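Okay, structure first, notes after.
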């Protein structure tokens, strides 16, 4: 991971933190992509949001930031970044794996130190080293690593103030699903154990360049004050992996490697129930009853 230097002449932006020129003075995102000869890479799961009306709406849904730092993963050409720089965010930290976009993103830097551009893999970055104090995560996540990044932020040592994240619609529905829903599974249990989660915006494939094959949705997650400790989360991951790994089986069978019927009875769960019918409280009891390994 390295902090990328700005390689372009800074352009003015309008905001609440010292920017004194209109954002409309900047070239359009499409013009910038063309000028730099850039396009989305399928291998990076890139789909760009070039409509600033949409990116501004996402930032409004994520805020207010009240001067707190914001981390954005996979900014690409910077459509969401521009909206963040117009907002009441304090420091804006960009984590970009694709070095092709660093010069373009550097054109958003006004030299005040408010914008920091980090070249690195978001799965390996230690966010606590990039920001001081509470920070928001606001990102249009690359489709191929969105779920892995969410699990990292939910179960890792760094807890953001709030997360506002764009996923494929199918993944977003898995995050907010309730027991009995077709989408209910491990991701819903772990997400909702840590955060209050809700879908705040739906976007069609046509909103992106290039258009993906599926629609997308923005999920807003706020960490719960009573979220489990990391040890409990590790237990919860083990229980849900076993239970949903064989979701059509009764828990006495799917959880057999972890204790089966005895584990269910210790947690007050019907051993003949299936994973898709057990609510969050039930899974937390199963995790608590799991023998120490």
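In the working numbering, the protein residues as written are 60 to 352. Ideal Cβ placement from N, Cα and C applies to all residues, glycine included. Owing to the predicted nature of the structure, the values given are computational and were not obtained by experimental measurement.
Helix, strand or coil: which one does DSSP assign to residue i?
i, result
"residue 275", "strand"
"residue 220", "coil"
"residue 230", "helix"
"residue 82", "Model confidence at residue 82 stands at a pLDDT of 48, short of 50, so the residue's coordinates are unreliable and nothing is read from them."
"residue 342", "helix"
"residue 332", "coil"
"residue 303", "helix"
"residue 29", "The structure shown does not extend to residue 29, since the chain spans only 60 to 352, so no value can be given for it."
"residue 148", "coil"
"residue 256", "strand"
"residue 182", "coil"
"residue 281", "strand"
Just checking my contact of residue i with residue j at CB under 8 Å: how many whole Å lie between their CB atoms?
i, j, result
"residue 196", "residue 219", "5 Å"
"residue 201", "residue 133", "5 Å"
"residue 96", "residue 127", "Actually they do not touch by this definition, with Cβ atoms about 36 Å apart."
"residue 180", "residue 211", "Not quite, the Cβ-Cβ distance comes to about 11 Å (not below 8 Å), so this is no contact."
In its own chain, which residues sit with a C-beta less than 7 Å from the C-beta of residue i, not counting the 5 before and 5 after it?
i, result
"residue 340", "none"
"residue 350", "318"
"residue 324", "330"
"residue 193", "127 and 220"
"residue 320", "311 and 330"
"residue 348", "322, 325 and 326"
Just to confirm the assignment, what range does the alpha helix (DSSP H) spanning residue i have?
i, result
"residue 208", "205-214"
"residue 186", "No alpha helix (DSSP H) contains residue 186, which DSSP labels as neither H nor E."
"residue 114", "111-121"
"residue 319", "319-326"
"residue 313", "310-313"
"residue 90", "88-95"
Where do the ends of the beta strand (DSSP E) carrying residue i lie?
i, result
"residue 264", "Per DSSP, residue 264 belongs to no beta strand (DSSP E) and is neither H nor E."
"residue 163", "Where residue 163 is concerned, there is no enclosing beta strand (DSSP E), although the alpha helix (DSSP H) it sits in stretches over 161-165."
"residue 152", "151-155"
"residue 195", "194-199"
"residue 176", "174-178"
"residue 131", "128-132"
Going by beta-carbon coordinates alone, are residue i and residue j separated by less than 7 Å?
i, j, result
"residue 295", "residue 326", "no"
"residue 129", "residue 151", "yes"
"residue 302", "residue 313", "yes"
"residue 371", "residue 234", "Beyond the ends of the chain as shown, which are 60 and 352, falls residue 371; an answer cannot be given."
"residue 121", "residue 223", "yes"
"residue 231", "residue 276", "yes"
"residue 281", "residue 254", "yes"
"residue 135", "residue 91", "no"
"residue 199", "residue 225", "yes"
Spatial neighbours of residue i within its chain, please: CB distance less than 6 Å, with the 5 preceding and 5 following residues excluded, ordered by chain position.
i, result
"residue 264", "270, 271 and 274"
"residue 83", "Note that residue 83 scores a pLDDT of 47, beneath 50, so its modelled location is shaky and nothing firm can be said."
"residue 403", "Nothing can be reported for residue 403: it is not among the residues displayed for the chain, which extend from 60 to 352."
"residue 189", "152"
"residue 292", "214"
To which residues of the same chain is residue i closer than 8 Å at the C-beta, ignoring the five residues directly before and after it?
i, result
"residue 342", "248, 252, 295, 298, 299 and 302"
"residue 239", "335 and 336"
"residue 124", "146, 147, 148, 149 and 195"
"residue 306", "244, 313, 333, 334 and 335"
At a cut-off of 6 Å, is residue i close to the ligand PLP when judged by its beta-carbon and the heavy atoms of the ligand?
i, result
"residue 314", "Ligands in the displayed structure: none, and consequently the ligand PLP is not present."
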